[in-house]
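**Q**
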Amino acid sequence: MMWPFLVTLWWTVAIASPHITTRAIPAPVADTTVVVLLGTGTPVPDPRAAGPSTAVVIGKRLFIVDAGSGVERQLSAAGLSNTDIEAVFITHLHSDHVLGYSDLIFTSWVFGRNRPLRVYGPPGLRRMTDHLIAAFAEDIDIRTNGFEHAVPNGYRVRAREVKSGVIYDSAGVRVTAIPVPHGNWRYAYAYRFDTPSRSVVISGDTRESETLVRAAAGVDVLVHEVVALSALDQPPGAFGGNIVRYMASFHTPDRKLGELAARAKPKLLVLSHIVPTGVADSVLIAGIRSGGYSGKLAVGHDLDRY
Ligand SMILES: [Zn+2]
Ligand SMILES: [Zn+2]
147 MMWPFLVTLW
157 WTVAIASPHI
167 TTRAIPAPVA
177 DTTVVVLLGT
187 GTPVPDPRAA
197 GPSTAVVIGK
207 RLFIVDAGSG
217 VERQLSAAGL
227 SNTDIEAVFI
237 THLHSDHVLG
247 YSDLIFTSWV
257 FGRNRPLRVY
267 GPPGLRRMTD
277 HLIAAFAEDI
287 DIRTNGFEHA
297 VPNGYRVRAR
307 EVKSGVIYDS
317 AGVRVTAIPV
327 PHGNWRYAYA
337 YRFDTPSRSV
347 VISGDTRESE
357 TLVRAAAGVD
367 VLVHEVVALS
377 ALDQPPGAFG
387 GNIVRYMASF
397 HTPDRKLGEL
407 AARAKPKLLV
417 LSHIVPTGVA
427 DSVLIAGIRS
437 GGYSGKLAVG
447 HDLDRY
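First residue of the sequence shown? That's 147 in my numbering, and the numbers climb one at a time after it.
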């Protein structure tokens, strides 16, 4: 009897591995805007939360913010193309936000990309891009000149270093870079998307920011990072021995985010880049509510769509 075994196996896989469940996106409508959380994680290699990455899908047009570890697999799980990305926006160059960058560059090439990938991000992006392409010189040589016959130069990237203001404006989609404070980083950005149907702000990594309150005022969706301070443990020897001070300089505590959202009044607040790993949704929600935000709130999980 094979059936009981197969059914048991299916349930085991489905329950044990929710993060690899494929959630196909319905046929796109030209002016709909959907936010897809590709990765809600942090540097912690948690199989339930891929590295930071968010897709903004407008009809058939695909934009990606950040390229954390696992981004290619998450695009596949979300039913999104990896060869037809209109543009990528990098919030800052912390490794957790770009560990999947080479994956975006090279996997899309292997699967047929033949135009330069358009990438926008802070100063340093171009140098990182050049170094990544140089690091893969052997691969580029074999794929181009060996039996694979990959599209010559299909791996190319057009990396643009940006500072602030409107950095992308094409066919009804406008993207604005908003400088945010993120510890010692000189350049870190949130990005605001204005599309034919919605406005979306993705905070990137930031401590609470007045600029962000203004930029996100009344938006349809605010995707914001968060730290549940009450759930933090001090790892021995890390963060100069004071994790709370580190988090307050680099990131946004839950209560502070609640205060910020109460003023910005987004139509929906979505939590992503959630610290610490595995914290209960109820703890996050209580933290946000304690800051005074009473609007719609979602704790983001990988592959959720809004
Ligand atoms: Zn981060
Ligand atoms: Zn960071």
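Quick reminder that beta carbons are idealized off the backbone N, C-alpha and C, glycines included.
Which one or two residues does DSSP pair with H370 in a beta bridge?
**A** Here the question's residue 370 lines up with position 224 in the sequence shown. H370 is bridged to L417.
**Q** Any residue with its C-beta under 5 Å from a non-hydrogen atom of ligand 2 counts. Can you list them all in chain order?
**A** That gives H240, D351.
**Q** Under three-state DSSP, which class holds L275?
**A** Taking the sequence shown and counting its residues from 1, one reaches residue 275 at position 129. Note that residue 275 is Thr in the sequence shown, not Leu. Helix.
**Q** Between H419 and ligand 1, is there a pair consisting of the residue's CB and a ligand heavy atom that are separated by less than 7 Å?
**A** By 1-based counting over the sequence shown, the position of residue 419 is 273. Result yes, Cβ under 7 Å from ligand 1.
**Q** Which residue wins for smallest C-alpha separation from E232, given the options R264, S418, V425?
**A** Numbered from its first residue, the sequence shown carries residue 232 at position 86. Nearest option by C-alpha distance: R264.
**Q** Under a Cβ-count criterion, where at least 16 other Cβ atoms within 10 Å of its own Cβ denotes burial, should K413 be classed as buried or exposed?
**A** By one-based count along the sequence shown, residue 413 stands at place 267. That one is exposed.
**Q** Considering Cα atoms alone, identify which of H277, H238, P298, F235 is closest to V256.
**A** What you label residue 256 is simply residue 110 of the sequence shown in a count that begins at 1. Among H277, H238, P298, F235, the Cα nearest to that of V256 belongs to P298.
**Q** Considering only residues of the same chain and omitting the five flanking positions on each side of A444, which have a CB-CB separation below 8 Å?
**A** In the sequence shown, the residue the question calls residue 444 occupies position 298. Hits under 8 Å: L414, L415, V416, L417, D450, Y452.
**Q** Would you list the one or two residues that DSSP bridges to Y337?
**A** Numbered from 1 along the sequence shown, position 191 holds the residue referred to as residue 337. In the DSSP output, where bridge partners are listed per residue, Y337 has A323, I348.
**Q** Taking 7 Å as the cut-off, does the CB of D448 come closer than this to any heavy atom belonging to ligand 1?
**A** Numbered from 1 along the sequence shown, position 302 holds the residue referred to as residue 448. Every heavy atom of ligand 1 is 7 Å or more from the Cβ of D448, so no.
**Q** Given that a residue counts as buried once 16 or more other Cβ atoms are within 10 Å of its Cβ, and exposed if not, what is S376?
**A** Along the sequence shown, read from residue 1 onward, the residue named residue 376 stands at position 230. Classification of S376: exposed, given that the 10 Å Cβ count is below 16.
**Q** Straight-line CA distance for G197 to H243?
**A** Counted from its first residue, the sequence shown places residue 197 at position 51. Counted from its first residue, the sequence shown places residue 243 at position 97. Answer to the nearest angstrom: the Cα atoms are 7 Å apart.
**Q** Thinking C-alpha only, which one of V234, A394, R401, T352 is nearest V303?
**A** Sequence index remark: in the sequence shown, residue 303 carries index 157 (1-based). Of the candidates V234, A394, R401, T352, the one whose C-alpha sits nearest the C-alpha of V303 is V234.
**Q** By alpha-carbon positions, which one of V308, S248, P399 ends up nearest to I286?
**A** For the purposes of this step, residue 286 is identified with residue 140 of the sequence shown, where counting begins at 1. Comparing Cα-Cα distances from I286 to each of V308, S248, P399, the minimum goes to S248.
**Q** Below 8 Å on the Cβ atoms is my guess for V425 versus A384; work out the distance and round it to an integer in Å.
**A** Translated into positions along the sequence shown, residue 425 becomes position 279. Translated into positions along the sequence shown, residue 384 becomes position 238. So it is not a contact: roughly 18 Å between Cβ atoms.
**Q** Of the choices R320, T186, S355, whose alpha-carbon is the least far from that of P422?
**A** On the sequence shown, position 276 is the one that residue 422 refers to. Of the listed residues, the one whose Cα sits closest to P422 is T186.
**Q** Alpha carbon to alpha carbon, how far is D192 from W149? Give it in angstroms, no decimals.
**A** Taking the sequence shown and counting its residues from 1, one reaches residue 149 at position 3. Taking the sequence shown and counting its residues from 1, one reaches residue 192 at position 46. With a pLDDT of only 39 at W149, under 50, the local geometry of the prediction cannot be trusted, and no value is derived from it.
**Q** Within 10 angstroms of its Cβ, does Y439 collect 16 or more other Cβ (buried), or is it exposed?
**A** Reading the sequence shown from its first residue, position 293 is the one you call residue 439. Looking at its Cβ environment, which holds 16 or more other Cβ atoms inside 10 Å, Y439 is buried.
**Q** If you measure between the beta carbons of S227 and G214, is that distance less than 8 Å?
**A** Working through the sequence shown from its first residue, we reach residue 227 at position 81. Working through the sequence shown from its first residue, we reach residue 214 at position 68. No.
**Q** Taking the alpha helix (DSSP H) that Y453 belongs to, which residues open and close that run?
**A** The structure shown does not extend to residue 453, since the chain is modelled only from 147 to 452, so the question has no answer here.
**Q** What's the gap between the Cα of N291 and the Cα of A283?
**A** Taking the first residue of the sequence shown as 1, we reach residue 291 at position 145. Taking the first residue of the sequence shown as 1, we reach residue 283 at position 137. N291 and A283: Cα-Cα distance of roughly 12 Å.
**Q** Classify G404 as buried or exposed, calling it buried when 16 or more other Cβ atoms lie within 10 Å of its own Cβ.
**A** In the sequence shown, the residue the question calls residue 404 occupies position 258. Burial call: buried.
**Q** With burial defined as no fewer than 16 other Cβ atoms inside 10 Å of the residue's Cβ, what is the status of G246: buried or exposed?
**A** Taking the first residue of the sequence shown as position 1, residue 246 is located at position 100. With 16 or more other Cβ atoms within 10 Å, it is buried.
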